[in-house]
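Peer 1:
Numbering (my numbering), first residue to last: -3 to 641.
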């Protein structure tokens, strides 16, 4: 079922054409990504589809019963309600249905309603219909759904009574996303939904969106996220939109193949065009060949020649180098505590060793102190406890995600030139050109730059420092996908040491040789990339659960064992007592028989009869032997019984 069609859509701002003849189609359950450079028109297209912006020409076709939910980039809820009250506004229709259901139940409980069969039938019919609709719409689980989504977005029950107006900007953005997810529109439009989300929340969002019942259209610079979610990619470039089937990695592969095909075809056409032009120029003036040359010129004018493939767009080109190599030991951290004061310690007991050419990624939930940790290492914040020891010849280059080191009142050119005043202007401009600042762009004030431009300028300054130890705080924030790939390649070729914080899991996979998880009580080190970290962490969780389960089993066994042993002892005691009683009876019987035979042997007629006396003596000996055996058995059982007691 098609839920959205965009046909021949165009949009211009003044004389700049942003989108031209865009064609796009989304079907039910599609997961669609818009990718392209910053400024290509991705967010503009989303706003047009969501009805937030007008367009110049073309058409957008959306069936009447289709609902659309749109989360704008950098948006956040603005409300005086509490978190829980704000989430419950999504379910107002359900709450009204619930109130009506209770009213109908009260009416059915009234005995007088049965006196009028028509009224009763109408009430029952309405109740059955409304109850079915209420159930289908999730009426019996909407509060549970709200708690689940809030928990996924890291809003816990103890925060439900907080006012939305008291939340930070990042929290409001997360809450806006939570509210949109709860509304469950048929088409979910998300513009950079991964902003302000830590890795744990990102993983939850991925799982949620994979099982989402509607269609999804999104813009995101998180390549790992795109690979996990999308099955269709539309590339926005030079005002045009091109469709690719598959996730982001599939798109990159197909785009590379397509570029190679287009380049070969373009080159072939250019060769053909050059030959035609050469023939025309050579023969147009000759009387004998002029007619043929004019014919070729008409052919040249009629042919629709290919434009150059779009893979040759301007891309930032840079690399990081070092002035001199550091020693093997770059940084040693022992029992470090970080925070903003002795009364505000965020994390403590941090122990870590960083060696030359290590690529260490710091991960952990928001608020655990990752940026604070980096600021402590570069001495922007003092260590609250513990020790930091830097190795021989270590020179630190620091990238701040907030670009606080940039001077807002300077021009782009002076931002670099003032720090390296001995370099000629031409060399400074060359460096800036590598980061896509050319011509009058270098005269722009820093405070007028976009987030992506500031990020590129900060990277330019970092490159100029030629430090051998790069400390990077969210270096991929604000960068478009192409710039991220250039940065990755530059860091992969970098001969120094890297310590970085990032929520970009694709970036971590490409760069990291170690992943260090920061918590309130210290760090845990994983010797691998992000995928290895996830796998090993899951193994450790499973091992811990197994160990806890075995410990519980042992505790249960200890609790059960005395009871079991007591039961076995009691059982054996009863067996021995019964056996002793039986032996005592048998012994008494033997003793009586022995006594009778001994009396007979004393009689004169028996005593004088040798054969009778011998026979009785044999019987007596046998009885005494049996008596002795029974007596020995009785003694052994009696001893066992005393030991059991």
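Cβ atoms here follow ideal geometry from the backbone N, Cα and C, with glycine treated the same way. Quantities reported herein were computed from a predicted structural model and do not represent experimental measurements.
1) Is it true that the stretch 189 to 197 meets the stretch 351 to 366, where meeting means three or more beta-carbon pairs spaced less than 8 Å apart?
2) Could you check what DSSP says for residue 29 in three-state terms: helix, strand or coil?
3) According to DSSP, what are the bridge partners of residue 403?
4) To the nearest angstrom, how far is the alpha carbon of residue 461 from that of residue 467?
5) For residue 48, count the other beta carbons within 10 Å of its own beta carbon; 16 or more makes it buried, fewer makes it exposed. Which is it?
6) Considering only residues of the stretch 352 to 389, which uninterrupted alpha helix (DSSP H) runs meet the minimum length of 4 residues and lie entirely inside it, listed in chain order?
7) Pull up the distance between the alpha-carbon of residue 97 and that of residue 120, whole angstroms please.
8) Using CA coordinates, which residue listed in 294, 584, 474, 77 is at the minimum distance from residue 35?
9) Helix, strand or coil for residue 7? Go by DSSP, reduced to three states.
10) Can you say whether residue 573 is buried or exposed, counting buried as having 16 or more other CB atoms within 10 angstroms of its CB?
11) So who's on the other strand from residue 236, going by DSSP bridges?
12) Would you decide whether residue 187 is buried or exposed? Buried here means 16 or more other CB atoms lie within 10 Å of its CB.
13) Can you tell me which of the three DSSP states residue 169 falls into?
14) Indicate whether the contact test is met: 3 or more Cβ pairs, each with one atom in the stretch 500 to 509 and one in the stretch 521 to 540, closer than 8 Å.
15) Using 8 Å as the threshold, is the C-beta distance between residue 54 and residue 5 below it?
16) If you follow the beta strand (DSSP E) that residue 23 is part of, which residue opens it and which one closes it?
17) Could you check where the beta strand (DSSP E) with residue 211 kicks off and where it finishes?
18) Classify residue 405: buried if its beta carbon has 16 or more other beta carbons within 10 angstroms, exposed otherwise.
19) Figure out for me which residue from 211, 142, 354, 199 has the closest Cα to the Cα of residue 23.
20) Mark residue 499 as exposed unless 16 or more other C-beta atoms lie within 10 angstroms of its C-beta, in which case mark it buried.
21) From residue 60 to residue 89, what does the alpha carbon distance come to, in whole angstroms?
22) Given residue 177, which residues of its chain have a CB within under 7 Å of its CB, disregarding the five upstream and five downstream residues?
23) Which residues does DSSP list as the beta-bridge partners of residue 658?
24) Report the rounded CA-to-CA distance for residue 598 versus residue 612, giving the unit in angstroms.
25) With H, G and I counted as helix, E and B as strand and the rest as coil, what does DSSP make of residue 512?
26) Look at the alpha carbon of residue 464 and the alpha carbon of residue 456, and state the distance between them as a whole number of angstroms.
27) Let me know if residue 600 comes out buried or exposed under the rule of 16 or more other beta-carbons within 10 Å of its beta-carbon.
28) Would a C-beta distance cut-off of 8 Å place residue 174 and residue 261 closer than the cut-off?
29) Okay, do the stretch 399 to 419 and the stretch 430 to 449 touch, 3+ Cβ pairs below 8 Å being the bar?
30) Smallest Cα separation from residue 165: which of 75, 493, 585?
31) According to DSSP, simplified to helix, strand and coil, what is residue 226?
32) For residue 185, collect the residues of the same chain with a Cβ closer than 6 Å to its Cβ; drop the 5 residues on either side in sequence, then sort them by chain order.
33) Looking at the strands, I want to know which residues DSSP matches up with residue 518.
34) CB-CB under 8 Å to residue 590, same chain, minus the five flanking residues each way: which ones, in chain order?
35) Rounded to whole angstroms, what is the Cα-Cα separation between residue 654 and residue 588?
36) Take residue 220 and list the residues in its own chain whose beta-carbon comes closer than 6 Å to its own, dropping the five residues that flank it on each side.
Peer 2: This is what the structure gives:
1) A contact is defined here as three or more CB-CB pairs under 8 Å, and the stretch 189 to 197 meets this definition with respect to the stretch 351 to 366.
2) Here residue 29 sits in strand by DSSP.
3) Residue 403 pairs with nothing; no bridge assigned.
4) One alpha carbon belongs to residue 461, the other to residue 467, and they sit about 12 Å apart.
5) Counting Cβ neighbours within 10 Å, residue 48 comes out exposed, since fewer than 16 surround it.
6) For the stretch 352 to 389, whole alpha helix (DSSP H) runs of length 4 or above, ordered along the chain, are 366 to 373.
7) Cα to Cα, the separation comes out at about 11 Å.
8) That would be 474, whose Cα lies nearest to the Cα of residue 35.
9) Reduced to three states, the DSSP call for residue 7 is strand.
10) Label assigned to residue 573: exposed.
11) Residue 236 is bridged to 233.
12) Buried.
13) Of the three classes helix, strand and coil, the one that applies to residue 169 here is helix, per DSSP.
14) Contact check between the stretch 500 to 509 and the stretch 521 to 540: three or more CB pairs, one atom from each, fall below 8 Å, which counts as touching.
15) For residue 54 and residue 5, yes; Cβs fall inside 8 Å.
16) 12 to 23 is the span of the beta strand (DSSP E), which, as asked, contains residue 23.
17) Start and end: 211 to 215.
18) Burial is judged here by how many other beta carbons sit within 10 angstroms of a residue's own beta carbon; residue 405 has fewer than 16 and is exposed.
19) Shortest Cα-Cα distance from residue 23 to any of 211, 142, 354, 199 involves 211.
20) Residue 499 is buried by the Cβ-count criterion.
21) Approximately 19 Å, taken between the alpha carbons.
22) 145, 204, listed in sequence order.
23) Absent from the model: residue 658. The displayed extent of the chain is -3 to 641, so no value can be given.
24) When rounded, the distance between both Cα atoms is 11 Å.
25) If DSSP states are grouped into helix, strand and coil, residue 512 belongs with the strands.
26) Approximately 16 Å, taken between the alpha carbons.
27) Residue 600 should be labelled exposed.
28) Result no, Cβ atoms of residue 174 and residue 261 do not sit closer than 8 Å.
29) Touching, yes.
30) Shortest Cα-Cα distance from residue 165 to any of 75, 493, 585 involves 75.
31) If DSSP states are grouped into helix, strand and coil, residue 226 belongs with coil.
32) Excluding residues within five positions, the ones whose Cβ falls inside 6 Å are 42, 46, 66, 213.
33) Residue pairing of residue 518 in beta bridges, as defined by DSSP: 515.
34) Non-local C-beta neighbours of residue 590 in its own chain, meaning closer than 8 Å and more than five positions away in sequence, comprise 616, 619, 620, 623, ordered along the chain.
35) The shown model of the chain, from -3 to 641, leaves out residue 654, and the question about it has no answer.
36) Cβ within range, chain order: 501, 502.
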